[in-house]
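First comes the structure, then the notes that go with it.
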Amino acid sequence: MKKLFVTMFALLAVAAASAQSEVIVKFNEGATALQSKNYTTAITNFETVIDKGMDSEDPKVTSCVATAKKYLPVCYQGVGLQAASQKNYPKAIEYLQKAADTAELYGNTTAKQKANMILAKVYQVQGGEAFNAKDYATAASVFEKGYKANPRNTDMALNLATSYCELGKYDEGMAIYDKICKMPAEKYADAIAKAQANKTLYTNNKVASLQQAGDFDGVIAMADKLQAASPALAEKIRIEAYNGKKEYAQVIALGDAAAAAQANDEDKCAIYFIVGAAYNAKYNASNNTDKVSMEKAVEYFKKVTAGANVEAAKAALADLTK
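Adding 7 to a residue's 1-based position in the sequence shown gives its number in the working numbering.
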């Protein structure tokens, strides 16, 4: 019986040595393949190393396993980049996602971030083809995935927000623009400026469509949503809405605060013109007897020194002071 135990122990030792040898051989083959950029072969070998050696306590094997875990995301990334260079986007996305997932599985944060950055760029290129063709629905569906992979890719984020706005998904577009505007200004100044400009453009478009439909309450509701993220824009469109509703008392009450919130002279003067027009309307409604309103109208029209309403303000002043 003792001899049998000795024989079994010897067989187990041989098996363990054989397994150790296989892991080391596969690791060396994987390393050679990786150096030659033969990523597919490297993946097969490194996966075998991890599978065969993960339960080993042999220092040489555990070292091979640890290194294989480090290089496996690199190999997946390599296959993804090769596929992307051939415009095989589905394969590129598949392998870059594997790279990010494997890196996360093995706790390699740096490799995960790098894989996600490249993955986002692939989505950016893929979605860009649809975006340039004005196929905003397809573009948005692709950019959404890229944005999830790397929300700091501001070029893609801007395109995603624009796609949403072109599809009539105003709130979704504004949410992306707002996130861009909250990014560090010293690093993302250009993207923030574009986001702010697009916010104004698409908000004005939305406001114009609501005004055309006579939905001034809808405009005021928009202003309320915008107040926290874009107070200047919110104040401007709110006062324009009350002016459209001919609620001149509200226009006058909000006027000074709305003007003070604006960042440039043109927008300040646009507010001053609306307030002047509100006082002028009160004056006219009094059969030209409300001299206080007349004087206030003159005061605000005189403040209109920039923007598109300068000539209209001068004409109103001439009429009031003749």
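No residue lacks a Cβ here, since even glycine has one placed at the ideal position from N, Cα and C. All of these numbers come straight from a predicted model, not from anything done at the bench.
Let me make sure I understand the geometry here. Which of the options has the alpha-carbon closest to that of residue i?
| i | options | result |
| --- | --- | --- |
| L240 | K59, N271, A137, Q120 | N271 |
| V282 | V299, A260, T296 | A260 |
| F309 | Y290, G175, F280 | It should be pointed out that residue 309 corresponds to Lys in this sequence rather than to Phe. Of Y290, G175, F280, the residue nearest in Cα terms is F280. |
| Q219 | A198, A204, A304, G251 | G251 |
| C71 | K152, G175, G37 | G37 |
| Q269 | N291, V258, P238, E302 | P238 |
| A122 | T207, K105, E136 | K105 |
| K59 | L167, D297, A248, V32 | V32 |
| K176 | T161, D197, N212, A198 | N212 |
| A292 | Y255, V311, A319 | Y255 |
| L327 | P191, D297, K77, A99 | D297 |
| N45 | G85, V68, T312, D142 | G85 |
| Y78 | A90, A107, G134 | A107 |
| A367 | E101, I50, E302, N287 | Residue 367 falls outside the range modelled here, since the chain spans only 8 to 329, and no answer is possible. |
| Y7 | C82, A248, V317, E193 | With the chain covering only 8 through 329, there is no way to say anything about residue 7. |
Pull up the CB-CB distance for residue i and residue j, whole angstroms please, since I reckon it's below 8 Å.
| i | j | result |
| --- | --- | --- |
| D185 | A236 | 5 Å |
| I246 | I278 | 6 Å |
| A147 | Y171 | 6 Å |
| A266 | K275 | 5 Å |
| A75 | F34 | 6 Å |
| L165 | K189 | Not quite, the Cβ-Cβ distance comes to about 14 Å (not below 8 Å), so this is no contact. |
| L112 | A156 | Actually they are not in contact, since the Cβ atoms of L112 and A156 sit about 17 Å apart, beyond 8 Å. |
| T161 | A198 | 4 Å |
| A313 | Y290 | So it is not a contact: roughly 24 Å between Cβ atoms. |
For residue i, count neighbouring Cβ atoms within 10 angstroms of its own Cβ and tell me buried if that reaches 16, exposed if not.
| i | result |
| --- | --- |
| Q131 | buried |
| Q234 | exposed |
| P80 | buried |
| L41 | buried |
| A17 | Legend: pLDDT at A17 = 36, less than 50; position of this residue unreliable, value from coordinates given subsequently. A17 should be labelled exposed. |
| A182 | exposed |
| A284 | buried |
| A230 | buried |
| T169 | buried |
| E242 | buried |
| G114 | exposed |
| T217 | Per the sequence presented here, residue 217 reads as Leu, with Thr not at that position. Its Cβ being crowded by 16 or more others within 10 Å, L217 is buried. |
Ordered list of alpha helix (DSSP H) runs contained in the stretch 40 to 74, each at least 4 residues: The stretch 40 to 74 contains these whole alpha helix (DSSP H) runs: 46 to 60.
As an exercise, report each continuous alpha helix (DSSP H) stretch of at least 4 residues that is fully enclosed by the stretch 274 to 329, in chain order. As far as the stretch 274 to 329 is concerned, its whole alpha helix (DSSP H) runs of at least 4 residues are 298 to 309, 317 to 328.
Residue ranges of each alpha helix (DSSP H) run of no fewer than 4 residues wholly in the stretch 118 to 184, ordered along the chain? You should have 143 to 156, 161 to 173.
Runs of 4 residues minimum, wholly inside the stretch 193 to 272: which ones carry the alpha helix (DSSP H) assignment? Runs of the alpha helix (DSSP H) inside the stretch 193 to 272: 223 to 233, 238 to 251, 255 to 268.
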